[in-house]
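Chemist: Starting off with a structure, shown below.
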Amino acid sequence: MAIKAAMTGHLVLATLHTTNALGAIPRLVDLGVPAYLLEETLLAVMSQRLVRRLCERCSVPLTPENEEYEMTARWLQNDIGSARASAGCGSCDGSGYSGRLAIAEVFLPDDETRPFIRLAGGGVAGPRVGLEGGPTTLEEAAIAQGFEELGVDAAKKVRRGATTMSEILRVHRLEGPDESDDDADGASPSEPHGESDQAEERAA
Ligand SMILES: [Zn+2]
Numbered sequence: 093m094a095i096k097a098a099m100t101g102h103l104v105l106a107t108l109h110t111t112n113a114l115g116a117i118p119r120l121v122d123l124g125v126p127a128y129l130l131e132e133t134l135l136a137v138m139s140q141r142l143v144r145r146l147c148e149r150c151s152v153p154l155t156p157e158n159e160e161y162e163m164t165a166r167w168l169q170n171d172i173g174s175a176r177a178s179a180g181c182g183s184c185d186g187s188g189y190s191g192r193l194a195i196a197e198v199f200l201p202d203d204e205t206r207p208f209i210r211l212a213g214g215g216v217a218g219p220r221v222g223l224e225g226g227p228t229t230l231e232e233a234a235i236a237q238g239f240e241e242l243g244v245d246a247a248k249k250v251r252r253g254a255t256t257m258s259e260i261l262r263v264h265r266l267e268g269p270d271e272s273d274d275d276a277d278g279a280s281p282s283e284p285h286g287e288s289d290q291a292e293e294r295a296a
């Protein structure tokens, strides 16, 4: 139904439960949407999680004395930026957190990535897929295009001191930074692809 509406020029917004933005594609195919139609009609997929924001009144710079330091430094590959730690005060009821913020990833298909949508949906790849030295999966194509995974956005916000690594891990299971050496490029959720805030701006 949603896809029929999209084909006739309507903007359709829908919510699905998947672990990440790109996961929405095979999920929609599972729900009976032909992959070739998704390739033609999908405009954007966004995945987001709400995390607690560090209390601005009491948070403190993250230092090696803090129990969270080692874990945070590992996730951020020793580039902790201006990361901060929770403390607790009267205005946050001692929790160290006050308010929320979203961490997000947004996939906007373009001419380069669109052909991979059909592939991700289990369909036959188009002629532009699998070019010598080019991406071989939707995920690779999206990252080559500039797509930043949720973990990248999360890392930026931890580096900025807006939230903490333990808070990120509480709401979103990220793959560990040292789980596999063979899969280094896929298993480093906190590797920044640049210092811009593209994901946030697109999501706004
Ligand atoms: Zn506080």
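Following my numbering, the numbering of the sequence shown begins with 93 at its first residue and continues without gaps. All residues carry an ideal CB built from backbone N, CA and C; glycine is no exception.
Kindly list the residues whose CB is nearer than 6 Å to the CB of A98, restricted to its own chain and excluding five residues on each side of it in sequence; keep chain order.
Modeler: As a position in the sequence shown, residue 98 is number 6, starting the count at 1. Excluding residues within five positions, the ones whose Cβ falls inside 6 Å are V104 and T133.
Chemist: Starting from the C-beta of I95, find all residues in its chain whose C-beta is less than 7 Å away, skip the five residues before and the five after it, and write them out in chain order.
Modeler: For the purposes of this step, residue 95 is taken as residue 3 along the sequence shown, with counting starting at 1. Excluding sequence neighbours, I95 sits near V125, L129 and T133.
Chemist: What residues sit near ligand 1, counting only those whose C-beta is closer than 5 Å to one of its heavy atoms, in chain order?
Modeler: C147, R149, C150, C181 and C184
Chemist: Let's test the definition: count the other Cβ atoms within 10 Å of the Cβ of T164 and tell me whether it reaches 16, buried, or not, exposed.
Modeler: Locating residue 164 in the sequence shown gives position 72, counting from the first residue. By the 10 Å Cβ count, T164 comes out buried.
Chemist: Name the two residues that bound the continuous alpha helix (DSSP H) containing V137.
Modeler: In the sequence shown, residue 137 corresponds to position 45, counting from 1. Run containing V137: none in the alpha helix (DSSP H); it sits in the beta strand (DSSP E), V137 to L146.
Chemist: According to DSSP, R176 sits in a beta bridge with which residue or residues?
Modeler: Translated into the one-based positions of the sequence shown, residue 176 becomes position 84. BP columns for R176 point to P153.
Chemist: Does the Cβ of D245 have 16 or more other Cβ atoms within 10 Å, making it buried, or fewer, making it exposed?
Modeler: Taking the first residue of the sequence shown as position 1, residue 245 is located at position 153. D245 should be labelled buried.
Chemist: For the beta strand (DSSP E) containing E197, list its first residue and its last residue.
Modeler: The residue you call residue 197 lines up with position 105 of the sequence shown. That run of the beta strand (DSSP E) goes Y189 to F199.
Chemist: Quick test of your reading: A113 and S151, contact by CB under 8 Å. State the CB separation rounded to the nearest angstrom.
Modeler: Residue numbering aside, residue 113 sits at position 21 when the sequence shown is read from its first letter. Residue numbering aside, residue 151 sits at position 59 when the sequence shown is read from its first letter. Incorrect: roughly 29 Å between the Cβ atoms, too far for contact.
Chemist: Could you tell me the alpha carbon to alpha carbon distance between P242 and T100, rounded to whole angstroms?
Modeler: Within the sequence shown, the letter at position 150 stands for residue 242. Within the sequence shown, the letter at position 8 stands for residue 100. According to the sequence shown, residue 242 is Leu rather than Pro. Looking at the two C-alpha atoms, the distance is approximately 32 Å.
Chemist: With a threshold of 8 Å, are at least 3 pairs of Cβ atoms found where one atom belongs to the stretch 135-149 and the other to the stretch 181-197?
Modeler: Enough Cβ pairs lie closer than 8 Å, so yes.
Chemist: Does H102 pass the burial test, meaning 16 or more other C-beta atoms within 10 Å, or should it be called exposed?
Modeler: The residue you call residue 102 lines up with position 10 of the sequence shown. It is exposed - the Cβ of H102 has fewer than 16 other Cβ atoms within 10 Å.
Chemist: Can you tell me whether P201 is buried or exposed, with buried defined as 16 or more other CB within 10 angstroms of its CB?
Modeler: Taking the first residue of the sequence shown as position 1, residue 201 is located at position 109. Classification for P201: buried.
Chemist: For A233, which residues in the same chain have their Cβ closer than 6 Å to its Cβ, ignoring the five residues on either side in sequence?
Modeler: The sequence position of residue 233 within the sequence shown is 141, counting from 1. Once the five neighbours on either side are set aside, the close Cβ partners of A233 are T205, F208 and P227.
Chemist: Could you tell me the alpha carbon to alpha carbon distance between A212 and L123, rounded to whole angstroms?
Modeler: Here residue 212 refers to the residue found at position 120 when the sequence shown is read from its first residue. Here residue 123 refers to the residue found at position 31 when the sequence shown is read from its first residue. Their backbone Cα atoms lie some 14 Å apart in a straight line.
Chemist: Please report the straight-line C-alpha distance between Y161 and P153, rounded to a whole angstrom.
Modeler: For the purposes of this step, residue 161 is taken as the residue at position 69 of the sequence shown. For the purposes of this step, residue 153 is taken as the residue at position 61 of the sequence shown. Going by the C-alpha atoms only, they are around 10 Å apart.
Chemist: So with Cβ pairs under 8 Å, would you call T205 a contact of chain C?
Modeler: Given the protein chain composition of this structure (a single chain), no chain C is represented.
Chemist: With DSSP run on the structure shown, which of helix, strand or coil describes R252?
Modeler: Position 160 of the sequence shown, counted from the first residue, corresponds to residue 252. Of the three classes helix, strand and coil, the one that applies to R252 here is coil, per DSSP.
Chemist: To the nearest angstrom, report how far apart S183 and L146 are at their CA atoms.
Modeler: Counting from one through the sequence shown, the residue named residue 183 turns up at place 91. Counting from one through the sequence shown, the residue named residue 146 turns up at place 54. Distance between the alpha carbons of S183 and L146: 12 Å.
Chemist: Quick check on C181: does DSSP put it in helix, strand or coil?
Modeler: In the sequence shown, residue 181 corresponds to position 89, counting from 1. Of the three classes helix, strand and coil, the one that applies to C181 here is coil, per DSSP.
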